[in-house]
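Engineer:
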Amino acid sequence: MKTSENRIETDFLIIGSGIAGLSFALKIADFFKDSNITIITKGEKNESNTKYAQGGIASVWNKTVDSFEQHVQDTLIAGDDLCDENIVRMVIKNAPKRLKELINWGVQFDKENNNYLLGREGGHSQDRILHHKDITGFEIERALIAKVEKQKNIQFLTHHYAIDLITEHQVNKKKTHRKDRITCFGAYVLDEKQKIVKTFSAKVTMLATGGNGQVYNVTTNPIVATGDGIGMAYRAKAEISEVEFIQFHPTALYNPGEYPAFLISEAVRGEGAILRDYYGNKFMHKYDPREELASRDIVARAIDNELKKSGTPHVYLDCTHIPYNRFQKHFPNITEKCLSLGIDIRKDYIPVSPAQHYICGGVNINKKAKTSIKNLYACGEVTRSGLHGANRLASNSLLEGIVFAHNAFKNLTKRYHKIKTPNNIPLWNDSGVVKNMEKVLITHDRNEVKTIMSNYVGIVRSNERLLRAERRLKVLYEDNKRLYDHSELSVDVCELRNLITTAYLITQFSKKRKENRGGFYSADLVNNNH
Ligand SMILES: Cc1cc2nc3c(=O)[nH]c(=O)nc-3n(C[C@H](O)[C@H](O)[C@H](O)COP(=O)(O)OP(=O)(O)OC[C@H]3O[C@@H](n4cnc5c(N)ncnc54)[C@H](O)[C@@H]3O)c2cc1C
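Take 20 as the starting number for the sequence shown in the working numbering and just add one per residue.
#1: Check this for me: beta carbons of R480 and S404, under 9 Å apart or not?
#2: Please return the same chain residues whose Cβ sits closer than 8 Å to the Cβ of L502, not counting the five positions on each side in sequence.
#3: Suppose contacts are defined by Cβ-Cβ distances below 9 Å. Is G420 in contact with I38 by that definition?
#4: Within 10 angstroms of its Cβ, does V494 collect 16 or more other Cβ (buried), or is it exposed?
#5: Within the continuous alpha helix (DSSP H) that includes I38, where are the two ends?
#6: Suppose contacts are defined by Cβ-Cβ distances below 9 Å. Is V371 in contact with Y343 by that definition?
#7: Applying the 10 Å Cβ sphere with the 16-neighbour rule, what's the burial state of K192?
#8: Beta strand (DSSP E) containing L209: first to last residue?
#9: Using C-beta distances below 6 Å, list every residue in its chain close to A292, excluding the 5 sequence neighbours before and after it, in chain order.
#10: Return the Cβ separation of R315 and P269 in integer angstroms, given the expectation that the two are a contact with Cβ distance under 8 Å.
#11: Helix, strand or coil: which one does DSSP assign to D307?
#12: What first and last residue would you give for the beta strand (DSSP E) that runs through H179?
#13: With distances taken from CA atoms, which of Y523, V223, R295, N547 is nearest I259?
#14: Where do the ends of the beta strand (DSSP E) carrying T270 lie?
#15: So, are the CB atoms of L312 and A374 less than 9 Å apart?
#16: What do you get for N410, buried or exposed, if any count of 16 or more other CB atoms within 10 angstroms of its CB means buried?
#17: Is I384 near ligand 1, judged by its Cβ being under 8 Å from some heavy atom?
#18: Less than 9 Å separating the beta-carbons of A257 and R197?
#19: Using three-state DSSP, classify N548 as helix, strand or coil.
#20: From N5 to D210, what distance separates their C-alpha atoms?
#21: Counting only the same chain and skipping the five closest in sequence on each side, list residues whose C-beta sits under 8 Å from that of V107.
#22: DSSP beta-bridge partners for A77?
#23: Might you give, ordered along the chain, the residues of its own chain that have their beta carbon closer than 8 Å to the beta carbon of T440, omitting 5 neighbours on each side?
#24: What is the residue span of the alpha helix (DSSP H) that H505 lies within?
#25: Do you know how far the Cα of D129 is from the Cα of K327?
#26: Using 9 Å as the threshold, is the C-beta distance between N548 and A77 below it?
#27: Go to M225, then tell me how far its beta strand (DSSP E) extends in each direction, as first and last residue.
#28: Going by alpha carbons, who is nearest to G538 out of D498, F264, F302, S509?
#29: Beta carbon of A72: closer than 8 Å to some heavy atom of ligand 1?
#30: Secondary structure at L136, three-state DSSP: helix, strand or coil?
#31: Assuming K64 contacts I164 under a Cβ cut-off of 8 Å, what Cβ separation, rounded to an integer in Å, is found between them?
#32: Give the single residue among N236, E497, Y273 whose Cα lies nearest to the Cα of A322.
#33: Using CA atoms only, rank isn't needed, just tell me which of G62, T218, D85, H505 is closest to W447.
#34: Is N415 near ligand 1, going by C-beta to nearest heavy atom under 8 Å?
#35: Starting from the C-beta of W124, find all residues in its chain whose C-beta is less than 7 Å away, skip the five residues before and the five after it, and write them out in chain order.
#36: Can we count G37 as close to ligand 1, meaning its CB is less than 8 Å from some heavy atom?
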């Protein structure tokens with residue numbers, strides 16, 4: 020890596036260290052042995068949505084009872100006719116190969132008698148979820164980080180926050196438009212510890228920044244999930260779509276004051292757990308013949324409806340009939356968490372309510388993980404790949420990350436040698452910044468975005484709610500612009516900018532959607548259900 024002042028040249032710049040970014044880095048490092056690769060991540064090495072994944076990764080594993088076609092159909096049904104079927108088929112066919120790679124890299128999935136144990140989750144017609152207890156994501160991060168650390172050509176920088184992508188806009192001071200063929204030359208990155216902005220120029224930039232759950236009050240996503248990738252890509256004029264499809268997980272543990280919300284995995288319902296209202300009555304049969312195993316959007320809306328009808332703060336998940344040994348073995352983390360709150364799942368029901376969990380849309384990518392911007396690739400939750408359509412099938416997202424990371428790598432093996440090292444990239448310019456804004460304003464604005472989104476752009480939306488959200492977000496946008504221009508650059512102020520942008524995009528895309536489909540539901544469109 021060559022450094023001059025705060026300018027750093029690298030061949031590959033990977034933004035994000037979840038499953039998508041790390042698996043891409045490993046493939047690139049192994050194939051392009053003479054290249055240098057930089058992974059930057061805004062927190063600790065493993066802090067990511069990946070780290071919190073519990074249930075596991077879906078893949079057809081036992082072909083005597085399961086088939087690619089069944090996994091394809093389950094995915095298409097969950098996606099409510101909005102998936103790209105070719106992409107779905109490609110991802111699902113590639114799943115076993117990608118999982119074997121994870122296993123070769125050291126990820127340990129649970130086994131019994133030398134066979135992998137396969138779990139089932141909502142929307143899946145077969146047992147096909149490989150998992151590591153109920154901490155699959157934690158195990159994936161452990162294994163991939165250990166492997167990355169052994170690679171000599173990877174530099175892994177923590178507390179490095181990507182502020183903006185570098186395109187012609189900065190290099191030629193040329194106004195770029197969404198329809199122009201724009202090129203990405205790297206990114207401006209805030210080194211939080213040194214408090215300097217570094218200019219990373221890269222032949223290839225990989226956006227693997229994950230989700231945006233922090234735009235909502237209650238989310239299962241960690242604090243780093245602030246929609247930075249969508250914000251950066253939007254400012255760089257990349258194509259973005261389907262961000263109105265937000266998945267709310269039906270069963271986050273109801274524990275006011277705990278952030279992020281602790282997830283009671285879908286796999287618990289797969290094991291036979293039953294949803295009961297506040298008064299102990301079963302209710303899922305009123306909403307879907309698959310009852311507790313209906314897809315997430317249906318279960319989340321059913322719970323939302325029960326809560327609105329009864330005015331109660333949560334419903335219950337009843338696991339009392341599941342053999343304790345089996346439950347404890349499969350879900351040690353959940354068992355321990357419940358016990359820490361005095362909930363003994365042998366006799367107590369678990370209080371649960373829905374929480375924001377996943378964004379199905381994002382930065383548009385094609386099969387090769389290419390965005391609409393040249394030399395900018397993207398993979399994982401930040402993208403709209405066509406796999407999830409209007410609603411993601413459980414345990415398909417870790418899979419999406421590794422499959423598209425692989426596809427990006429494959430594409431680069433063919434075209435990397437043609438990519439020229441970018442030059443003329445201007446250093447970050449922070450002249451004119453007046454450092455006099457109160458920090459507390461950032462906190463107020465952040466809370467306001469969350470409240471607006473939770474109140475008006477949640478599980479059930481309406482035209483009036485969306486208009487209210489739009490008006491309020493416009494005011495916040497203007498205030499944030501002043502804040503951004505006039506305060507010392509910090510992660511907080513940059514995150515706020517991205518939270519507002521992502522919130523605004525979700526609201527705008529929601530306004531444009533004229534039918535209820537998958538994870539999108541408006542009370543004004545009840546007669547226009549897909
Ligand atoms: C509680 C929970 C349980 C889940 N369970 C499952 C499951 O069982 N199965 C499944 O398939 N999916 C599950 N998911 C979803 C899945 O975990 C995510 O969709 C997936 O891990 C996303 O991977 P990723 O690599 O795209 O992003 P992430 O894992 O979120 O990684 C993003 C990375 O980008 C970094 N980053 C973000 N912005 C910046 C910036 N500006 N500068 C530098 N770095 C940045 C972050 O710090 C992080 O390292 C779950 C999610 C949650 C929250």
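For every residue, glycine included, the Cβ atom is placed at its ideal position computed from N, Cα and C.
Structural biologist: Reading from the atomic positions:
#1: In this structure, S404 does not lie closer than 9 Å to R480 by Cβ.
#2: Excluding sequence neighbours, L502 sits near M456, L460, I461, D464, V512, L515.
#3: Going by C-beta atoms, G420 is nearer than 9 Å to I38.
#4: V494 is exposed by the Cβ-count criterion.
#5: For I38, the enclosing alpha helix (DSSP H) has its first and last residue at 38 to 50.
#6: By the CB criterion at 9 Å, V371 and Y343 fall outside the cutoff.
#7: K192 should be labelled exposed.
#8: From DSSP, the beta strand (DSSP E) with L209 extends over 205 to 210.
#9: The beta carbon of A292 sits closer than 6 Å to the beta carbons of L336, C338 from its chain, once the five residues preceding and following it are set aside; these are given in chain order.
#10: Confirmed, Cβ separation roughly 6 Å.
#11: Three-state DSSP puts D307 in coil, outside helix and strand.
#12: Where H179 is concerned, the enclosing beta strand (DSSP E) stretches over 179 to 185.
#13: It is Y523 whose Cα lies nearest to the Cα of I259.
#14: That run of the beta strand (DSSP E) goes 265 to 272.
#15: A distance of 9 Å or more separates the beta carbons of L312 and A374.
#16: Around the beta carbon of N410, a 10 Å sphere encloses 16 or more other beta carbons of the protein chains shown; the residue is thus reported as buried.
#17: No, the Cβ of I384 stays beyond 8 Å of every heavy atom of ligand 1.
#18: A257 places its beta carbon less than 9 Å from that of R197.
#19: Of the three classes helix, strand and coil, the one that applies to N548 here is strand, per DSSP.
#20: For residue 5 there is no data in the structure shown, the boundaries of the chain being 20 and 549.
#21: Closer than 8 Å at Cβ, skipping near neighbours: V91, T94, L95, G98, G405, L406.
#22: I148.
#23: Cβ-Cβ distances below 8 Å link T440 to E28, S220, K222 in the same chain, with the five nearest sequence neighbours on each side left out; the list follows chain order.
#24: Annotation: the continuous alpha helix (DSSP H) that includes H505 extends over 482 to 505.
#25: The alpha-carbon separation between K327 and D129 amounts to approximately 39 Å.
#26: No, these two residues do not count as a Cβ contact at 9 Å.
#27: Looking at the DSSP string, the run of the beta strand (DSSP E) that includes M225 is 215 to 226.
#28: Nearest C-alpha to G538: F264.
#29: A72: yes, Cβ under 8 Å from ligand 1.
#30: Per DSSP, reduced to three states, the secondary structure at L136 is coil, with no helix or strand assignment.
#31: Confirmed, Cβ separation roughly 5 Å.
#32: In the sequence on display, residue 322 carries Ile and not Ala. With distances taken between CA atoms, I322 lies nearest to Y273 out of N236, E497, Y273.
#33: Measuring from the Cα of W447, the nearest candidate turns out to be T218.
#34: Answer for N415: yes, Cβ within range of ligand 1.
#35: Residues of the same chain with a CB within less than 7 Å of the CB of W124, apart from the 5 flanking positions on each side, are L45, A162, L163, K166 in chain order.
#36: Yes, Cβ of G37 sits closer than 8 Å to a heavy atom of ligand 1.
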